[in-house]
Amino acid sequence: QMIEPVDVFWKCDKGYLAVTHPLPNGDILIANTGDPAGNAKGGFVVLDGETFELKGNWENECEVPPSGHDFWYQPRHNVLVSSAGVVPKVAGRGFNPDDLKKGIFGRRLNVWNLSCRSLTQCFDLGEDSLPLSVRFLHNPDAAEGYVGCALSGVVFRFYKSCEANNWAVEEVIRIPPKDVSGWIMPKMPAFIADLIISPDDRFLFVSNWLHGDIRQYELSRNCKPRLVGQVFVGGSILRGGPVTVCRDEELKCQPEPLVVK
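All you need for the numbering used here is the position in the sequence shown, starting with 1, plus 1.
This is how it looks when you write it as structure tokens:
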């Protein structure tokens, strides 16, 4: 089954679809990042789970977030949490450090009522945070999860608080930038590209894309993830490359390139 872009344009006024997940009722929910002109626009579209027919927009018309990227939900808590994203037409021309000063990168974490499809809370995670990957714990009773912020190198924990059934966020991981030369900026941020939680909810894995390492955090205390493993598989700070690390809060020397024989 092919969903034509023109159908998404005209029926949903959306144009840049991103992450896909099945809904509890069997339909398919797809997050959106932009309008047909490439401007930032969040929200979701819904496909029929059996015919894959485009049903239309999921959210109420008056509650479209300014940007979008990823999402996940917990049916037992009637909640869906979605992240922000980049402006498609800006991302298409490549990264420009000047864009950091213009406030065009997403910075919101959105909390939705899953059954009513309504936006209930919004959290500003900070200038140029760019929250991307959203992950709930696998335990269906768990009312907490994590979101990774690409540009700030921060992982936030979101959880249901005791106050009026509202949700809250707290910073639990911060990967410091590195002072470098030979790169496009004097400081190289971590750029958290993805998060994965182990099926038993014991470990959180963080893809630190620019620095090139995968980090393993132990979750015996979910509010205080503890770094227990780290492996470099690539990235921009390897020894012998064009980038020189001038100051590093974590490493004593630049990592050696990984060679698979």
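Positions of the beta carbon are idealized from the N, C-alpha and C atoms, including for glycine. Keep in mind that this is a model prediction, so the values were computed, not measured.
Alpha-carbon to alpha-carbon, residue j and residue i
i                : j                 : result
aspartate 249    : tyrosine 218      : 20 angstroms
glutamate 172    : serine 84         : 15 angstroms
proline 190      : glycine 107       : 16 angstroms
isoleucine 31    : valine 181        : 38 angstroms
valine 260       : aspartate 214     : 14 angstroms
alanine 92       : glycine 35        : 11 angstroms
proline 76       : histidine 22      : 13 angstroms
asparagine 58    : isoleucine 4      : 14 angstroms
aspartate 100    : glutamine 2       : 38 angstroms
glycine 104      : phenylalanine 157 : 20 angstroms
phenylalanine 10 : cysteine 117      : 24 angstroms
8 angstroms CB neighbourhood of residue i in its chain, flanking five on each side removed
i            : result
aspartate 28 : Val47, Leu48, Asp49, Gly50, Lys56
serine 162   : Trp168, Ala169
cysteine 123 : Pro66, Arg109, Leu110, Asn111, Val112
When the options are compared against residue i, the one with the closest alpha-carbon
i              : options                       : result
leucine 115    : Ile105, His212, Cys150, Phe72 : Phe72
valine 80      : Gly93, Val112, Gly95, Gly104  : Val112
cysteine 63    : Ile105, Asn26, Thr121         : Thr121
glycine 16     : Lys42, Ala143, Trp184         : Lys42
leucine 152    : Glu54, Thr245, Phe53, Gly86   : Gly86
cysteine 224   : Phe53, Thr52, Ala144          : Ala144
asparagine 33  : Pro98, Thr52, Glu60, Gly236   : Glu60
asparagine 166 : Pro141, His78, Pro258, Pro243 : His78
proline 200    : His139, Gly241, Phe233        : His139
glycine 236    : Asn97, Arg109, Arg222, Pro256 : Pro256
Residues near residue i in its chain [Cβ-Cβ closer than 6 angstroms; skip 5 each side]
i           : result
glycine 230 : Gln217
lysine 179  : Met189, Val246, Asp249
8 angstroms contact criterion, which residue i and residue j should meet: CB distance rounded
i                 : j           : result
leucine 133       : glycine 149 : 6 angstroms
phenylalanine 159 : valine 82   : 6 angstroms
histidine 70      : alanine 19  : 6 angstroms
valine 135        : glycine 146 : 7 angstroms
Own chain partners of residue i with C-beta closer than 7 angstroms, once the 5 adjacent residues on each side are dropped
i           : result
leucine 228 : Arg216, Tyr218
serine 130  : Arg108, Cys150, Leu152, Ser153, Val155
valine 65   : Lys42, Gly43, Gly44
Check: residue i C-beta below 7 angstroms from any heavy atom of the ligand COA
i          : result
glycine 16 : In terms of ligand content, the structure shown is empty, and the ligand COA therefore cannot be addressed.
(message) Could you tell me which whole alpha helix (DSSP H) segments of length 4 or greater appear in the segment 72-107?
(response) 89-92
(request) Go through the segment 157-212 residue by residue and report every complete run of the beta strand (DSSP E) that reaches 3 residues or more, in order. (result) 168-175, 179-182, 193-198, 204-209
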